[in-house]
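Trainee: Residues in the sequence shown are numbered consecutively from 1, following the working numbering.
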Amino acid sequence: MNPILLVTGGSRGIGAATARLAAARGWDVAINYTRDAGAAQAVADDVRARGRRALTVQADVADEAAVLAMFSAVDRGLGPLGGLVNNAGIVDVAARIDEGTVARWQRMMAVNVIGSMVCAREALRRMSTRHGGRGGAIVNLSSAAARIGAGGQYVDYATAKGAIDVFTLGLAREVATEGVRVNAVRPGIIETDIHASGGEPDRAARMAPLVPMQRSGTAQEVAAAIVWLLSDEASYTTGSVVDVTGGR
Ligand code: NAP
Numbered sequence: 001m002n003p004i005l006l007v008t009g010g011s012r013g014i015g016a017a018t019a020r021l022a023a024a025r026g027w028d029v030a031i032n033y034t035r036d037a038g039a040a041q042a043v044a045d046d047v048r049a050r051g052r053r054a055l056t057v058q059a060d061v062a063d064e065a066a067v068l069a070m071f072s073a074v075d076r077g078l079g080p081l082g083g084l085v086n087n088a089g090i091v092d093v094a095a096r097i098d099e100g101t102v103a104r105w106q107r108m109m110a111v112n113v114i115g116s117m118v119c120a121r122e123a124l125r126r127m128s129t130r131h132g133g134r135g136g137a138i139v140n141l142s143s144a145a146a147r148i149g150a151g152g153q154y155v156d157y158a159t160a161k162g163a164i165d166v167f168t169l170g171l172a173r174e175v176a177t178e179g180v181r182v183n184a185v186r187p188g189i190i191e192t193d194i195h196a197s198g199g200e201p202d203r204a205a206r207m208a209p210l211v212p213m214q215r216s217g218t219a220q221e222v223a224a225a226i227v228w229l230l231s232d233e234a235s236y237t238t239g240s241v242v243d244v245t246g247g248r
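(1) Along the chain, where does the alpha helix (DSSP H) that runs through Q220 open and close?
(2) Would DSSP call Q153 helix, strand or coil?
(3) Just reading off the beta strand (DSSP E) that R50 is part of, what are its end residues?
(4) Can you tell me which of A40, N86, R50, N112 puts its alpha carbon nearest to the alpha carbon of A184?
(5) Assign P3 to one of three DSSP states: helix, strand, or coil.
(6) What's the C-alpha gap between G89 and E174?
(7) Using 10 angstroms around the beta-carbon of D154, count the other beta-carbons present and answer buried if the total reaches 16, otherwise exposed.
(8) Looking at A234 and the ligand NAP, is the gap between the Cβ and the nearest heavy atom below 7 Å?
(9) Measuring from the CB of D92, is there a heavy atom of the ligand SAH at a distance below 7 Å?
(10) Can you give me the Cβ contacts of I194 inside the same chain, cut-off strictly under 7 Å, excluding the 5 residues immediately before and after it?
(11) Is R96 helix, strand or coil by DSSP?
(12) Counting C-beta neighbours from all protein chains within 10 Å, is the total for V244 16 or more, i.e. buried, or is it exposed?
(13) What are the residues that DSSP puts in a beta bridge with N32?
(14) Just the C-alpha distance for A160 and S128, rounded to the nearest angstrom, thanks.
(15) Counting only the same chain and skipping the five closest in sequence on each side, list residues whose C-beta sits under 7 Å from that of Q41.
(16) Buried or exposed, going by whether 16 or more other CB atoms sit within 10 Å of the CB of E233?
(17) Could you check what DSSP says for V249 in three-state terms: helix, strand or coil?
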């Protein structure tokens, strides 16, 4: 049987590119989404076109009950999990901390941090040898914002991604003897829809001159790092955070 991968937020952007590349590298893929079932289905079709099995699963990663149902659906629909990409993430429109609201910060943390933690917990319950699993790999999506701080834009988002860096390191060490590797990828400015959801659809083009390589990156370039970290080629890599930022 092919190894089985769950990609949260797999219907668009980096998650969709990861699902497609993982399928090309031999993974069967479960594609999670929140709103756009048609987009998730199109990614599933691409996975099947590469000769792999695919499943789409609707769940808001901030909703614990929905996450539990999602993992059960993957168990039933595809089989025992071998990999998790904690990709689902949100930004918001630019807002200073002295203009912020607790509701916004709670949502930022609930999706970007707690959502990743709950998905990691459920994956470990299936993959860790401590729980009778056969091992696996987790890749978390951080952001260059965790290093830069995103002052004047979204410090709350950067704070959430900083938490992801620490979560990656701590969890990697916690499960290092249990057959599970945990790593993160820190994308820089990548051409996806996320910038439109932050109220700035042309952000990637506008920010390109700030990047040492003088261009934004593509979802495929981030997916390449993620899929490598999932693979056996990265068998001695755990607790690492890989920057995919064009040098920024
Ligand atoms: P994107 O294009 O906005 O896509 C987001 C994906 O996440 C969609 O599939 C969306 O599904 C899903 N999603 C959103 N909220 C969700 C939730 N609560 N539960 C489950 N799924 C949810 O984002 P992206 O640019 O590919 O970013 C992917 C990851 O990379 C994020 O963690 C982001 O923070 C990180 N990142 C991106 C950049 C960049 O420049 N693009 C830079 C650094 C880090 P629906 O469409 O169905 O809602």
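Every residue, glycine too, gets a C-beta built ideally from N, C-alpha and C.
Mentor: So, from the data block:
(1) 219-230
(2) coil
(3) Here R50 belongs to no beta strand (DSSP E), and DSSP marks it neither H nor E.
(4) N86
(5) coil
(6) 24 Å
(7) For clarity, residue 154 is Tyr in the given sequence; the question names Asp instead. It counts as buried.
(8) no
(9) In the structure shown, the ligand SAH is absent; the only ligands present are the ligand NAP.
(10) G13, V91
(11) coil
(12) buried
(13) V57
(14) 26 Å
(15) T56
(16) exposed
(17) Here the chain comprises residues numbered 1 to 248, so residue 249 is not present and cannot be evaluated.
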